[in-house]
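Numbering (the working numbering), first residue to last: 26 to 700.
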């Protein structure tokens, strides 16, 4: 297929804005589905996990392929709930464009802002679909104003609603000056165009003028045509719109109701006409392993193969399904490929194209395409695969730290290994889920992004993977750091198997600003110390960092500097240096006045105005700090920060204090000293 006809897009939005319903309609109208699946009755083909159907939310980003007017569209339907932010993050990393679905009633909601920021960080061009225009309280123009205000962008409506709420009956095509109605008997498949009525014409003319004004800012040709009074060709408008959408200067807006089958086909036309193909975007940045310099990875099917694994999903029969985006070259079935980060050869046993949870076997994946490889043994999310002779590492993905933990144990000892195996599979699939076994107590602790995140994973363990387990109450995952610099020298001596092992290490440990991570720096050159000993020292330090100082929590925001070593070539060993550096770090960190850090969450609440006072006082009583409050159509939006430890079970309290009408979401903000 011609690469200009490929679109790799994501559907992104706040929870319950209608992403999955919109995707279902896209699949229906493009002929991928023969009937429409509804989220509300658990039939959505993109929500194919049992839990997604039970809960009515998207948990895992599903990938599917459909075709519309000669274009191939690879779609990723991402979750809206903040606990599954990693799914959104890794999807945006490999997309060329996105459709932001905004609820016509609630407007720009907190999680919409989060995914918008994520899309900005990956420079993803977007078009906007204002959905749910049939719902009570829907206001298209208020949503437009909110988009301008919240994101400081220029939203350009290409379609306008005819009526709203129960009177919503069709849409106005701003460019062509026609009204479009959708036939109910064919589930909206039949579209009819009619001339505009007088009142509709006035509204259309007003927004057409705004559209021309917006595109003329970026096109001298359109400006000249406008001032000379000549008709501006529709294609010319689309050309400029496309160019400026890709540059993220303009954001075309579409409107409709996916549930009522109104406005989805024009959105499909917009995806193919306005969002970029793989050829339209600048080259990806990579790092040459051999020369350690930045290189541009250009879209070129004839070049060396290079692809990024952006998601791993375990299949009970086939094993790991590795979702890949190919950036250059071609991946072929039955050939060997090199995992560049892991330095391991893998074999491509099968390549499939996913249609939600159905698979279509194909022979190859070329540059610009998205597909699934079956057969890899060592792959992890974020790995780069390519040619062993031309090793280039693509920028890996960064995921937020898990902040909530739960103790879990098998119901019988015979299930112990089965539980560990299942946890390993889940942690490979989800980079924000981790687990570890306490060596002293034998207790297994799992960590995740929130209560819902862990609840979903535990349910998958027990239902999907058939592991019988007992689960404790959620606990906060704390961190440790130091408040003072310290320098310490440690000598390690031990005789093992008749041979003496000895090493002396001096480390300087310094506190760093919040969220700056852990760094290890050596003042010694390779001439002063053999490379393998330096690696052993770093290994010893990093293992101790993970073990904590006083409380056993991971240490953050410090710099560890290797100042000096003393060793005798006859008694030195990697083992001695690793042990000396580990003990040196522990003792040095204890002298540096360690402090305990707790996770502070960014909290977003939307509550009816009459309950605002009660909600704010209940939040401040939990150590919360109110940052701002805005009035909205759906209620008042409160933004606050509060310690996670005080927020367990808060959603239940909020529901009871707002008669079930308040909504609440939170995401990790930062670690702060525990009071």
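Beta carbons: idealized from backbone N, C-alpha and C, even for Gly. The structure presented is a predicted model; accordingly, all values stated were derived computationally and were not measured.
- The beta carbon of residue 144 is closer than 8 Å to those of 37, 117, 123, 125 and 151 in its chain, skipping five residues each way along the sequence.
- Nearest to residue 344 by C-alpha distance, out of 375, 161 and 565, is 375.
- In this structure, residue 54 sits away from residue 265, with a CB-CB distance that is not shorter than 8 Å.
- DSSP places residue 262 in the helix class (H, G or I) of the three-state scheme.
- Shown here, residue 257 sits in coil according to DSSP, grouped into three states, outside any helix or strand.
- For residue 35, the enclosing beta strand (DSSP E) begins and ends at 31 to 37.
- Residue 533 carries a strand assignment under DSSP once its states are collapsed to helix, strand and coil.
- For residue 548, the closest of 310, 456, 468 and 563 by C-alpha to C-alpha distance is 563.
- Fewer than three Cβ pairs drawn from the segment 430 to 442 and the segment 392 to 405 lie within less than 8 Å of each other, which leaves the two stretches out of contact.
- For residue 478, the enclosing alpha helix (DSSP H) has its first and last residue at 476 to 484.
- Bounds of any alpha helix (DSSP H) do not take in residue 219; it lies within the beta strand (DSSP E) bounded by 216 to 220.
- Between residue 365 and residue 409, the gap from beta carbon to beta carbon is short of 8 Å.
- According to the DSSP secondary-structure assignment, residue 309 is paired through a beta bridge with 322.
- Residue burial annotation: residue 557 is exposed, with fewer than 16 other C-beta atoms found within 10 angstroms of its C-beta.
- Within the model, the alpha-carbon separation for residue 647 versus residue 627 is close to 14 Å.
- Within the DSSP bridge table, the entry for residue 132 names 128 as partners.
- When C-alpha distances from residue 489 are compared across 447, 579, 519 and 602, the shortest belongs to 447.
- The C-beta separation of residue 514 from residue 535 comes to about 16 Å, leaving the pair out of contact by the 8 Å criterion.
- Excluding its 5 nearest sequence neighbours in each direction, residue 509 has C-beta neighbours in its own chain below 6 Å: 617 and 618, listed in chain order.
- Setting aside the 5 residues that flank it on each side, residue 196 is surrounded in the same chain by 184, 185, 186, 187, 204, 205, 280, 281, 287, 288 and 291, each with a C-beta closer than 8 Å to its C-beta; the list follows chain order.
- Taken atom to atom, the span from the alpha-carbon of residue 156 to that of residue 130 is near 9 Å.
- For residue 630, the number of other beta carbons within 10 angstroms of its own is at least 16, and it is reported as buried.
- Note on residue 161: under 16 other CB atoms within 10 angstroms of its CB, so exposed under the neighbour-count rule.
- In this chain, the alpha helix (DSSP H) harbouring residue 291 covers 289 to 299.
- Taken through DSSP and simplified to helix, strand or coil, residue 612 comes out as helix.
- The continuous stretches of beta strand (DSSP E) do not include residue 437, and DSSP gives it neither H nor E.
- About 50 Å separates the Cβ atoms of residue 432 and residue 326, ruling out a contact at the 8 Å cut-off.
- Each residue's CA atom was taken as its position, placing residue 654 and residue 209 some 42 Å apart.
- Under DSSP, residue 655 takes part in a beta bridge, and its partners are 662.
- Residue nearest to residue 324 within the set 459, 689, 220 and 351 is 351 (criterion: CA-CA distance).
- Our two residues, residue 226 and residue 636, have alpha carbons roughly 43 Å apart in a direct line.
- Per DSSP, residue 567 is one residue of the alpha helix (DSSP H) stretching across 556 to 572.
- Taken through DSSP and simplified to helix, strand or coil, residue 279 comes out as strand.
- Put simply, the backbone Cα of residue 551 is about 23 Å away from that of residue 608.
- Per the coordinates, the alpha-carbon of residue 404 lies some 8 Å from the alpha-carbon of residue 347.
- DSSP links residue 597 through a beta bridge to no other residue.
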